[in-house]
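S.K.:
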Amino acid sequence: MALWNEETVRVGGVDVTAIKGGSGEPVLVLHDELGYPGWMTWNQRLAEQRTLFVPLQPGFGRTPRVEWLRNYRDLAGLYVRMLHELRLEPIDVIGFSAGAFVAAEMAASDPHIFKRMVLVGPMGIKPEEGEILDFLSLTVRSHLRATVADPENTPEFGAIYGGEMTPAQFEAFEDARTETARLGWEPFMHNPSLPHLLNGVRLPTLIVWGDRDGVVPRGCVDGYRAAIEGARVAEIKGAGHRPEIEDSAAFARVVKDFLKP
Amino acid sequence: MLIGYFTERPYRWVPENEVFRNRAFYGVSNRFFDPEKGAEDYNYFLDENCYAEELGFDAVALNEHHGTPFCMGSVMNVEAAILARITKKVRIVLVGNPLPVIKHPLRMAEELAEIDLISRGRLVAGWVRGAGSEQFFNHANPAFNRELFNEAHDFIIQAWTRPGPWRYEGKHFSYLQVNPWALPYQKPYPPMWIPGVLSPETVKWCAEHRYPYLGLGTALGPTCDLWDYYADEARKLGYQAGPENFGYLIPVFLAETEDRAQELGKGFIYGGGQSAFSRPEHTLPPGYNSKDAIRRLAKQPGGSWLGVSADKLRQGSEVRKDNDDYDGIRQKLLASYHNAQKNLTIIVGTPKSALPKIKTLLEILRPGVFVVFNVQGPVSNQDRMTSMRLFAQELMPALREYGKELGLPDSLGKTPGSVKLNSGVSRTPVVDRSALSSLHLV
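Chains as they are written, first to last, in the working numbering: chain A, 6 to 266; chain B, -2 to 439.
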């Protein structure tokens, strides 16, 4: 039996392709700036109890580009509308990196749309200390390697990105990077008004962060903690920017614990 | 045929190993910039352009790059404004202003109008998208590069031609009160040439606008292909393209003896030369190229564009280590230097050995504009000027004659797009590939 399937939902005139898998109460999953990498161990662990709903971001190859989307808040607006129209609200959400930025923007615009929010290595707030990696000025290879603390000893990293990059993969990465530049070039991968708008939001929030994250510094985590009252932090020791594949057991544990019924 | 002079105005005092270590010119730290040397050089290069005028060149061409010792012209319009005042008759050709990275087309319209006025109508405006590295240096969103280029261009034409005040609200730029006081001296506006390195999208855009396309030292075979593409597009638009639609810029270095020319001409590969202009990740920023171009690149791992291949983009971004084998790199560069001469993408020699090569280029490409690009690297002012003098005194008269013989009108003498072509009528050739086969370049 297939673990997941693909479906298309029409929202605001856009055909959004989404991955859906698992069973139980749905959870919205927002992928990162490199695109949905495929159904991984952590997906499977979570899918035992929950139905994962993963929209594929417009412009990333599967869902067509939407010309009027010019920043992450616009994208958040589209996704908020999608949740309304699919009657999925209120829903739990897990956002990764730029996907966490989108989740935070959604919460800022409509705090009641989520029940609980998990932000993994979240971009979106300019850190007071440290910098979000200038990943658009790297080759894809270097960017990918920067996302995990120890590429050679992260089996799932090798499974998705090891070996020769095929023309299709190369093109998909270029699509993702192009769309990310369209939305996040300036200000770079953050929105100065986001912390102010999050300030009034009362939403159970868990921030997951690998203590060897080379893409998003601890300063971003601190920014979210300061903005969202009561936000908790789960640090995953030894992991980089992708704790979900670097230590999927620890990741699934903290997320399941936070999202338990 | 119009003959122009061009130099990148290289900063010649960076240790070559720093460029090798950085794997490119772009990004070499500006701690290697010495203001005394910079002051000397900016003044020298202005004088050099005056010398070009004195020698009889028809045009001096300037360009602009940022954050790199490869080219000191980071604000080309400043130099152009000075040349507008201190030269008397040469055309001042800008190849070109990088519209997307300047981000302020109204200001650009004003600057260029001033230059055209000060020079009393000697400006040739040119536009570029800006090299990939320029997008990073100026934090110009590469994903909107072509949109920014097109919108800025269209706005500037309007700003120069539509009586103000008027209101403009575009996708990327807004000016609610457009009324630039100083308008260009030339009417309706200065001629425009578009330099490029063979992006088909740019070539098509040029054909649509009837702008001459200036190939920047591009390989002969692909240049012929793209010029044919231009001419095919022109045919669809109802005109016959000719030499007035094309220009070619090529590295040329001459000396009194072959040995000396060969030695000093290595300046063209100093630090890696043009192919070390910027690292792959800086050459092709995300979204800078069209989807089609990325697809072409993805499918041809070895195929390259500006020295950038899909293979290189799949590699890492790391700088080299100090103990890497720079001598090995130099050996490879030396081989490429000889190959480039064989392929006629660099001309180095004495006037005598260079003449037949340049004639061959003119036969194949039939350009209305021919621009010589002086040497890069740490070559003395004296040697640079010797090369210019040898070209002007010993080659220019013969080349002008040859241009007449081949029938190569330039775009200032003959309006590009002025030869109508009725539908159903096939076009005449714009290039002559017969000499390509003798060079084994087909």
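Just so you know, even glycine gets a beta-carbon here, dropped at the ideal spot from N, CA and C.
Predicted, not measured: the structure shown is a model, and the values here were computed from it.
Secondary structure at B:Ser420, three-state DSSP: helix, strand or coil?
M.R.: coil
S.K.: Under the DSSP definition of a beta bridge, which residues are partnered with B:Ser171?
M.R.: According to DSSP, B:Ser171 bridges with B:Glu166.
S.K.: Between which two residues does the beta strand (DSSP E) holding B:Thr342 run?
M.R.: That residue, B:Thr342, is in no beta strand (DSSP E); it is neither H nor E in DSSP.
S.K.: Any chance the stretch 81 to 91 of chain B sits against the stretch 54 to 70 of chain B, with 3 or more Cβ pairs inside 8 Å?
M.R.: Here the stretch 81 to 91 of chain B lies against the stretch 54 to 70 of chain B, with 3 or more beta-carbon pairs under 8 Å apart.
S.K.: Thinking C-beta only, is B:Ile343 closer than 9 Å to B:Ile247?
M.R.: yes
S.K.: Within the same chain, show all residues whose beta-carbon is closer than 7 Å to that of A:Ile165, passing over the 5 residues directly before and after it, in chain order.
M.R.: Pro42, Gly43
S.K.: Report the residue ranges of all alpha helix (DSSP H) runs contained in full by the stretch 146 to 228 of chain B; include only those spanning at least 4 residues, in chain order.
M.R.: 197 to 206
S.K.: Using the beta-carbon count (16 or more within 10 Å), is A:Glu90 buried or exposed?
M.R.: exposed
S.K.: Is the beta carbon of B:Arg126 sitting closer than 9 Å to the one on B:Asn142?
M.R.: The answer is yes: Cβ separation under 9 Å.
S.K.: DSSP three-state label for B:Gly93, please.
M.R.: coil
S.K.: Which residues does DSSP pair with A:Asp97 in a beta bridge?
M.R.: A:Val32
S.K.: Locate the alpha helix (DSSP H) running through B:Ile112, then write down its first and last residues.
M.R.: 102 to 115
S.K.: Going by DSSP, name the residue or residues bridged to A:Asn10.
M.R.: Paired residues: A:Lys25.
S.K.: Can you find a C-beta in chain B that's less than 9 Å from the C-beta of A:Thr159?
M.R.: no
S.K.: Does the stretch 14 to 22 of chain B come close enough to the stretch 315 to 323 of chain B that 3 or more CB-CB pairs lie under 8 Å?
M.R.: yes
S.K.: With a CB to CB cut of under 8 Å and the five nearest residues on each side skipped, what residues in its chain are close to B:Ile112?
M.R.: Excluding residues within five positions, the ones whose Cβ falls inside 8 Å are Asn74, Ala77, Ala78, Ala81, Ile89, Leu120.
S.K.: Any beta carbon of chain A sitting closer than 9 Å to that of B:His136?
M.R.: Yes, contact with chain A.
S.K.: Determine whether the beta carbon atoms of B:Gly64 and B:Tyr23 lie at a separation below 9 Å.
M.R.: Going by C-beta atoms, B:Gly64 is nearer than 9 Å to B:Tyr23.
S.K.: Check whether the stretch 172 to 184 of chain A touches the stretch 279 to 292 of chain B, counting contact only when three or more Cβ pairs, one atom from each stretch, lie closer than 8 Å.
M.R.: yes
S.K.: What is the rounded straight-line gap between the Cα of B:Leu387 and the Cα of B:Phe3?
M.R.: Near 15 Å, if we compare the C-alpha coordinates of B:Phe3 and B:Leu387.
S.K.: Restricting to Cα atoms, I'd like to know which of A:Ala244, A:Val260, A:Pro197 is closest to A:Gly228.
M.R.: A:Pro197
S.K.: So, with DSSP's three-state summary, where would you put B:Ala337?
M.R.: helix
S.K.: Kindly indicate if chain B contains any beta-carbon less than 9 Å away from that of A:Leu141.
M.R.: Residue contact with chain B for A:Leu141: present (Cβ-Cβ distance below 9 Å to some residue of chain B).
S.K.: According to DSSP, simplified to helix, strand and coil, what is A:Met122?
M.R.: Of the three classes helix, strand and coil, the one that applies to A:Met122 here is strand, per DSSP.
S.K.: Is B:Pro413 closer than 9 Å to B:Ala238 when the C-beta atoms are compared?
M.R.: yes
S.K.: Whole alpha helix (DSSP H) runs in the stretch 193 to 236 of chain A with 4 or more residues, listed along the chain?
M.R.: Entirely contained in the stretch 193 to 236 of chain A, the alpha helix (DSSP H) runs reaching 4 residues are, in chain order, 199 to 203, 223 to 232.
S.K.: Can you tell me the Cα-Cα spacing of B:Gly264 and B:Ala216, whole angstroms?
M.R.: B:Ala216 has its alpha-carbon roughly 19 Å from the corresponding atom of B:Gly264.
S.K.: Are the CB atoms of B:Met(-2) and B:Gly365 nearer to each other than 9 Å?
M.R.: For B:Met(-2) and B:Gly365, yes; Cβs fall inside 9 Å.
S.K.: Tell me which residues of the stretch 182 to 193 of chain A have at least one Cβ-Cβ distance to chain B shorter than 8 Å, keeping chain order.
M.R.: Arg182, Thr183, Glu184, Thr185, Ala186, Arg187, Trp190, Glu191
S.K.: Mapping the DSSP letters down to three states, classify A:Pro60 as helix, strand or coil.
M.R.: If DSSP states are grouped into helix, strand and coil, A:Pro60 belongs with the strands.
S.K.: Compare the C-beta of B:Ile99 against all C-beta atoms of chain A and say whether one is closer than 9 Å.
M.R.: no
S.K.: Return the CA-CA distance between A:Val238 and B:Arg28, expressed in angstroms with no decimal places.
M.R.: 42 Å
S.K.: Mapping the DSSP letters down to three states, classify B:Leu246 as helix, strand or coil.
M.R.: Note: B:Leu246 maps to strand in three-state DSSP.
S.K.: Is there a C-beta anywhere in chain B that falls below 9 Å from the one on A:Arg146?
M.R.: yes
S.K.: Are three or more beta carbon pairs between the stretch 59 to 67 of chain A and the stretch 29 to 37 of chain A nearer than 8 Å?
M.R.: yes
S.K.: For the alpha helix (DSSP H) that A:Ile250 lies in, which residues bound it at each end?
M.R.: 248 to 251
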